[in-house]
Amino acid sequence: MHMTRPVVFITGDIHHPPDLIKRLSYGELRIPEDYELRAGLEYIKVLHEYNVPCTLFITGKLVDTSSETIKSLISSYDNVEIGAHTYYAFRGLLYGYTLFIQPYRKLFGTPYGPKHLIHYDVLKTVKAFLKLGVRPIAWRTHGYEGDDYLYSLLAKLGFKIISDCRSERFTVFKRNNILHVCINMPVDDNLPNMSPSERASWYENYIRLLNIKVRQEKALVLQLHPVNMALDNFDFLLKIIKVLLKVNSQFHRLSFLIDL
Ligand SMILES: [Zn+2]
14 MHMTRPVVFI
24 TGDIHHPPDL
34 IKRLSYGELR
44 IPEDYELRAG
54 LEYIKVLHEY
64 NVPCTLFITG
74 KLVDTSSETI
84 KSLISSYDNV
94 EIGAHTYYAF
104 RGLLYGYTLF
114 IQPYRKLFGT
124 PYGPKHLIHY
134 DVLKTVKAFL
144 KLGVRPIAWR
154 THGYEGDDYL
164 YSLLAKLGFK
174 IISDCRSERF
184 TVFKRNNILH
194 VCINMPVDDN
204 LPNMSPSERA
214 SWYENYIRLL
224 NIKVRQEKAL
234 VLQLHPVNMA
244 LDNFDFLLKI
254 IKVLLKVNSQ
264 FHRLSFLIDL
């Protein structure tokens, strides 16, 4: 039995709707455009019922296009902390409708593109949040691939915490005056591409690992996308919460780490 209560950070990313071109090519036209945002609201509600806080990273474009919904989300739920998740999520015209991601990675070492594009995208993101009355201090890069240029720019703009890295053990380090907090459970990025049976065994392995790690680690940083948790109507998310509550976990938003 744990002597101290395990600390848990639930995080997730919410994106704006894909471009029409992508929706056409993936046959996604029948999916409602605001599907991700609606999943996000449901996710917050589920966590709120158990008094569990979370940190959600939201694209600037979603903030701009759904500002009323996000405003009411922030004012109605005190369990949510909103972080920034790039403006375009490497989509849209400037990213060749995602076709430029590979060339950008080859040419510039990051799918985020050349420095002036990173600068443009980050400032546009901050501006979107400021319009909402929120000064973002937490950041996660879409695809987790940031670089030193990005991180020093974020530091200059007042960001305090970044969650791009991943590690086996709970890892926190300071670079460019920003705290980096690594995700130390498997990320759920591939869930939508799995068959139902693959998904079932992924869930099972995750819960098994969670049971082990919650007893081993000082803290757990979970990456669970609302849109992926909606795949089984939030059953898996509930299972996770129940495992964590059973061992008396204390849940926090990521910014909790800044003042430690
Ligand atoms: Zn993302």
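Numbering follows this note's numbering, in which position 254 of the sequence shown is assigned residue number 267; successive positions increment by one, without gaps. All C-beta atoms in this analysis are idealised placements derived from N, C-alpha and C, irrespective of residue type, glycine included. Please read these numbers as outputs of a predicted model, since none were measured by experiment.
- Using a cutoff of 7 Å, the CB of Ala232 does not count as near ligand 1, since none of the ligand's heavy atoms is closer than that.
- Scanning its chain for C-beta atoms nearer than 6 Å, with the 5 sequence neighbours on each side dropped, one finds around Phe70 the residues Asp26, Gly96, His98 and Arg153, in chain order.
- If only complete runs of 3 or more residues are kept, the region 92 to 173 shows the beta strand (DSSP E) at 93 to 97, in order along the chain.
- With distances taken between CA atoms, Gln229 lies nearest to Glu181 out of Ser208, Glu181, Ala243 and Asn203.
- The beta-bridge partner set that DSSP reports for Ala52 is empty.
- With a cut-off of 7 Å, the C-beta of His28 is classified as near ligand 1, since at least one heavy atom of the ligand falls inside that distance.
- With respect to Glu94, Leu250 sits apart: the two C-beta atoms are not nearer than 8 Å.
- In terms of Cβ geometry, Ile191 and Gly171 do not form a close pair [threshold 8 Å].
- Residue burial annotation: Ile225 is exposed, with fewer than 16 other C-beta atoms found within 10 angstroms of its C-beta.
- Phe186 is bridged by DSSP to His193.
- For Ala213, there is no enclosing beta strand (DSSP E); the residue is found in the alpha helix (DSSP H) stretching over Pro209 to Gln229.
- The continuous beta strand (DSSP E) containing Phe264 extends over residues Gln263 to His265.
- Within a 10 Å sphere around the beta-carbon of Asn218 sit fewer than 16 other beta-carbons, which makes this residue exposed.
- Pro205 counts as exposed, since fewer than 16 other beta carbons sit within 10 angstroms of its beta carbon.
- Put simply, the backbone Cα of Ile23 is about 29 Å away from that of Gly105.
- Apart from the 5 residues on each side of it in sequence, His265 sits with its Cβ closer than 7 Å to the Cβ of Val20, Phe22 and Pro66 in its chain, given in chain order.
- Non-local beta-carbon contacts of Leu166 in its own chain, meaning distances under 8 Å to residues more than five positions away in sequence, involve Ile131, His132 and Val135 in chain order.
- In the structure shown, Ile254 falls within a helical segment according to DSSP collapsed to helix, strand and coil.
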